[in-house]
Amino acid sequence: MLKVGILGGGQLGRMLLQTAANYPVETFVLENDKECPAAHLCHHFTRGDIKEFDSVYNFGKNLDAITIEIENVNVEALEKLETEGVKVFPKPSVLRTIKNKILQKEYYRQHQIPTADFIITNSLSELKLAEDFLPAVHKVGEGGYDGKGVQLLKAKEHIARGFDTPSILEKMVAIHKEIAQMVAINEKGETALYPPVEMLFDPELNLLDYQLCPAELSTQTLYRVEAIALSVVRNFKSPGVFAVEMFVDKNGDVLVNETAPRVHNSGHHTIEAHFCSQFDMLWRIILGYPLGNTDAILPSIMVNIIGAEGYSGKVKYVGLEEVLKIENAFVHLYGKKETRPGRKMGHVTILSNEKQDLLHQSNKVKRTLLAKA
Ligand code: ADP
């Protein structure tokens, strides 16, 4: 049996492990929090910091392969492990590029992948000189996630909200739709594309709220989205599962926002709504099996269950019974002990051929199932 490690023990690790149980694989997790969502689902849990060289290197040195559920890991240790023959999904070179938004944007530019025009600012004083570039979005080079480290700078009065560290200043896109395309690529370079999903964001929390699959796009836009996503992924020259997040702007142009080189929130619905889930797909790639079937069984909407505003502490789920009565809804709770406003606590996927039914049930789920303390 192959020994495979996962860096990070959050919900993505948890769902990867749920699928690992179907395959001949011995699983290992490295994570600081021994109560994390993935801790009790792996064969071997190691407590340690995924950002520290020694803990990642020592964790990985006796494994056959290693994967990640978050980009913010020690890449140097993964590079050393790679030279010693441990397979890393995705390759550390990809993590190095993606982890830093400056390098990531330069990668798109270098490969002629359409993305919003940008400049680099190293400090607030440099940002002040870039007034003419507004309206724009300021994004911290390293360390931002889930909307932290992103500031909309519509006018020069907003410049003080910017970041005093190396960052990108990106032209504000007139967004028509935010979509994501999941792409799988194996070691032979064979690829499989899931249908793109369409996202709506909670304007207050800046977190993914719910997502529709398939995204409603013209055939022409769909082809463009697929071609761009394939080009993003192929140029990395690395096996893995990737989520390419894109904007369709008001002119119908498709621009890459960012890429996650891993299983992703925008692929959660694939667990029930597609023949092969994103988690199953990653195991197939790591273990060297054929790629799975990405076709949808039914259209779906995925709703994130996020910690309710005003509640922090030991989580209590309100409305779970009522949501479990919905025949076409599938509930996933991540087993997090504590809730906080905005924390991702679970998700629910609804399957239906009728868009009205998808919308109706997803709104009902969002109103009914609440993570309170
Ligand atoms: P994070 O990595 O923290 O999720 P993103 O780069 O995805 O940050 O930005 C968060 C959100 O900000 C996006 O989902 C989008 O709604 C908005 N946004 C990001 N870049 C732009 C842009 N260039 N123009 C307009 N809105 C943007």
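First residue of the sequence shown? That's 202 in the working numbering, and the numbers climb one at a time after it.
For each residue, glycine too, the CB sits at the ideal point set by N, CA and C.
| Query | Result |
| --- | --- |
| Three or more C-beta pairs closer than 8 Å, one from the stretch 302–317 and one from the stretch 449–461: is that the case here? | yes |
| Mind listing, in chain order, the continuous alpha helix (DSSP H) runs of no fewer than 4 residues lying wholly within the stretch 253–308? | 254–261, 276–284 and 293–300 |
| When the Cα atoms are used, what is the spatial distance from Lys357 to Leu325? | 12 Å |
| Quick one: which unbroken beta strand (DSSP E) runs of 3-plus residues sit fully inside the stretch 493–544? Chain order, please. | 501–507, 517–519 and 530–534 |
| Compare the Cα-Cα distances from Pro542 to each of His377, Leu571 and Val449 and report the closest residue. | Leu571 |
| Can you tell me whether Ile376 is helix, strand or coil according to DSSP? | strand |
| Under the rule that 16 or more other beta-carbon atoms within 10 Å means buried, what is Gly209, buried or exposed? | buried |
| Smallest Cα separation from Glu388: which of Ile429, Leu354, Lys438 and Leu431? | Lys438 |
| Could you tell me if Asn505 is buried or exposed, where buried requires 16 or more neighbouring beta carbons within 10 angstroms of its beta carbon? | buried |
| With distance defined between alpha-carbon atoms, name the residue in Glu285, Ile251, Ala240 and Val289 nearest to Ile487. | Val289 |
| Using only the heavy atoms of the ligand ADP, determine whether one of them is closer than 7 Å to the beta carbon of Met373. | yes |
| Who pairs with Lys340 in a beta bridge, going by DSSP? | Val351 and Ile369 |
| Determine, using beta carbons only, whether Val566 and Ile551 come nearer to each other than 8 Å. | yes |
| Quick one, are the C-beta atoms of Thr495 and Ala393 less than 8 Å apart? | yes |
| Between which two residues does the alpha helix (DSSP H) harbouring His561 extend? | Lys556 to Thr569 |
| Grab the span of the alpha helix (DSSP H) containing Ser429 for me, first residue to last. | The question names Ser, yet the displayed sequence has Ile at residue 429. Ile429 -> alpha helix (DSSP H) spans Thr420 to Phe437. |
| Quick check on Gln479: does DSSP put it in helix, strand or coil? | helix |
| Whose C-beta lies closer than 7 Å to the C-beta of Cys477 among residues of the same chain, with five residues either side of it excluded? | Gly493, Asn494 and Thr495 |
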